[in-house]
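Novice: Residue numbers (my numbering): -6 to 316. Backbone N, C-alpha and C define an ideal beta-carbon position, used for all residues, glycine too.
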């Protein structure tokens, strides 16, 4: 799928007629707000800012990032975009779970993110499974064997109920047929601090923030959710090598309020596709341990369906509900 997205990007660049489309539609004729439902400074926020910069340049109007964190899974910012006028001047930049399974996680919510209009996926980055340095095993296969032989002895921390780390932990247990004790935290940082202190055994997380501690030998990289082994860690197996068919990554994407005209979403999508072909930007994205994508609204719909297929059974099996 990701290879097809890359091919799509190349074709889009060759066919770009953004200036002509602007002349016909009149959009945009004022500043666009890109809502990011997370705090400033993280990988997600940086990717959204890259998108705002490139979209603004190619659309001929400034795109301003507005961080609106709050609520589980970025609920506050997401809801504000769902209520916004469908005119293309308020957009959302969020992670995959927002678009694919929020309606399952928030069963009593008064909103449904499936109504959002897809624009473009920006980049994807794999989840990883890391452990404290003193663990008696070094990989996922041995973890599963140890957990089966020692029921109740292994635990894992995650950044919050219904977040990607929580879902990956449940996915591993579901597919690997073993159990771990779940320890929820409020964010990744306190979970990683306890992992470094040896207070917990494992944390499913992302590579960028943990790379220094992995390289220093303070944490063990047990497995990666990528489709291929990471070039910096060729000896570390993917999750799929132990549990065939299982991969786990997250991606950032841009969407518009429900009812936004297809002409507008297509125009923004083309602007992003053109911008994400910039070699310097692609290098900056890869420096974040992410793969640049950017494709059409239909490409994003395909990835939403894939994400739902991966995570919906996990949410149902583990009976995960975020109040």
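Kindly indicate the opening and closing residues of the alpha helix (DSSP H) around residue 266.
Specialist: Taking the chain shown and counting its residues from 1, the one referred to as residue 266 is at position 273. It spans 255 to 268 - the alpha helix (DSSP H) in which residue 266 sits, taken as one unbroken run.
Novice: Only counting the same chain, and skipping five residues up and downstream in sequence, which positions put a Cβ closer than 8 Å to that of residue 32?
Specialist: If you number the chain shown from 1, residue 32 lands on position 39. Counting only Cβ-Cβ distances below 8 Å, and skipping sequence neighbours, we find 38, 60, 62.
Novice: On a Cα-Cα basis, can you pick out the residue from 82, 157, 124, 252 that is closest to residue 67?
Specialist: The residue given as residue 67 occupies position 74 in the chain shown. Considering only alpha carbons, the answer is 157.
Novice: What would DSSP say about residue 208, mapped onto helix, strand or coil?
Specialist: Locating residue 208 in the chain shown gives position 215, where the first residue counts as 1. Residue 208: helix per DSSP, three-state reduction.
Novice: Find the nearest neighbour of residue 52 within the set 23, 286, 284, judged by alpha-carbon distance.
Specialist: On the chain shown, residue 52 is found 59 positions in, with the first residue counted as 1. The candidate whose alpha carbon is nearest that of residue 52 is 23.
Novice: May I ask you to report which of helix, strand or coil DSSP gives residue 85?
Specialist: The residue given as residue 85 occupies position 92 in the chain shown. In this structure, residue 85 counts as strand in the three-state DSSP scheme.
Novice: Kindly list the residues whose CB is nearer than 8 Å to the CB of residue 274, restricted to its own chain and excluding five residues on each side of it in sequence; keep chain order.
Specialist: Here residue 274 refers to the residue found at position 281 when the chain shown is read from its first residue. Correct list, in chain order: 43, 47, 268, 285.
Novice: Would a C-beta distance cut-off of 8 Å place residue 289 and residue 110 closer than the cut-off?
Specialist: Indexing the chain shown from 1 puts residue 289 at position 296. Indexing the chain shown from 1 puts residue 110 at position 117. Contact: no.
Novice: Would you identify the three-state DSSP class for residue 91, choosing helix, strand or coil?
Specialist: What you label residue 91 is simply residue 98 of the chain shown in a count that begins at 1. Looking at residue 91 - three-state DSSP - the assignment turns out to be helix.
Novice: Is the beta carbon of residue 99 sitting closer than 8 Å to the one on residue 248?
Specialist: Taking the chain shown and counting its residues from 1, one reaches residue 99 at position 106. Taking the chain shown and counting its residues from 1, one reaches residue 248 at position 255. No.
Novice: Are the CB atoms of residue 174 and residue 143 within a distance shorter than 8 Å?
Specialist: Position 150 of the chain shown, counted from the first residue, corresponds to residue 143. Position 181 of the chain shown, counted from the first residue, corresponds to residue 174. For residue 143 and residue 174, no; Cβs fall outside 8 Å.
Novice: Considering only DSSP beta bridges, list what residue 110 is partnered with.
Specialist: Numbered from its first residue, the chain shown carries residue 110 at position 117. For residue 110, which the question treats as bridged, DSSP gives the partners 249.
Novice: Note down, in chain order, each residue of its chain lying with its Cβ closer than 7 Å to the Cβ of residue 50, except the 5 sequence neighbours on either side.
Specialist: Locating residue 50 in the chain shown gives position 57, where the first residue counts as 1. Closer than 7 Å at the Cβ level, and outside the excluded window around residue 50, lie 268.
Novice: Would you check if there are 3 or more beta carbon pairs closer than 8 Å linking the stretch 184 to 203 to the stretch 110 to 124?
Specialist: Touching, per the Cβ criterion.
Novice: Below 8 Å on the Cβ atoms is my contact criterion, and I expect residue 56 with residue 308 to pass it. Report the Cβ-Cβ distance as a whole number of Å.
Specialist: In the chain shown, counting from the first residue as 1, residue 56 sits at position 63. In the chain shown, counting from the first residue as 1, residue 308 sits at position 315. With 8 Å as the limit, residue 56 and residue 308 do not qualify as a contact, their Cβ atoms being about 33 Å apart.
Novice: How many angstroms separate the CA atom of residue 123 from the CA atom of residue 162?
Specialist: Looking up residue 123 in the chain shown gives position 130. Looking up residue 162 in the chain shown gives position 169. Each residue's Cα considered, the two are about 11 Å apart.
Novice: What do you reckon, are the CB atoms on residue 84 and residue 28 nearer than 8 Å?
Specialist: Working through the chain shown from its first residue, we reach residue 84 at position 91. Working through the chain shown from its first residue, we reach residue 28 at position 35. Yes; because the gap between Cβ atoms is below 8 Å, this pair is in contact.
Novice: Since residue 139 is in the alpha helix (DSSP H), which residue starts that stretch and which ends it?
Specialist: In the chain shown, residue 139 corresponds to position 146, counting from 1. 133 to 142 is the extent of the alpha helix (DSSP H) around residue 139.
Novice: State buried or exposed for residue 219, treating a residue as buried only when at least 16 other CB atoms are found within 10 Å of its CB.
Specialist: As a first step, residue 219 is located in the chain shown; it is residue number 226 there, counting from the start. With 16 or more other Cβ atoms within 10 Å, it is buried.
Novice: Buried or exposed, going by whether 16 or more other CB atoms sit within 10 Å of the CB of residue 129?
Specialist: Locating residue 129 in the chain shown gives position 136, where the first residue counts as 1. The residue is exposed, with fewer than 16 neighbouring Cβ atoms inside 10 Å.
Novice: Would DSSP call residue 283 helix, strand or coil?
Specialist: One-based indexing of the chain shown puts residue 283 at position 290. Reduced to three states, the DSSP call for residue 283 is coil.
Novice: Within the continuous alpha helix (DSSP H) that includes residue 25, where are the two ends?
Specialist: As a first step, residue 25 must be located in the chain shown, where it is residue number 32. No alpha helix (DSSP H) holds residue 25; the beta strand (DSSP E) holding it covers 25 to 29.
Novice: Quick one, are the C-beta atoms of residue 236 and residue 169 less than 8 Å apart?
Specialist: On the chain shown, residue 236 is found 243 positions in, with the first residue counted as 1. On the chain shown, residue 169 is found 176 positions in, with the first residue counted as 1. Contact: yes.
Novice: If you measure from the CB of residue 133, is any heavy atom of the ligand GDP nearer than 7 Å?
Specialist: The ligand GDP is not among the ligands present in this structure, which contains no ligands whatsoever.
Novice: Does DSSP classify residue 39 as helix, strand or coil?
Specialist: Residue mapping note: residue 39 aligns to position 46 of the chain shown, counting from 1. Helix.
Novice: What three-state label does DSSP hand residue 175 in the structure shown?
Specialist: In the chain shown, counting from the first residue as 1, residue 175 sits at position 182. Residue 175: strand per DSSP, three-state reduction.
Novice: Just to confirm my understanding: we take residue 311, look at its own chain, exclude 5 residues before and 5 after, and list those with CB closer than 7 Å. What are they?
Specialist: Within the chain shown, the letter at position 318 stands for residue 311. So the qualifying residues of the chain are 163.
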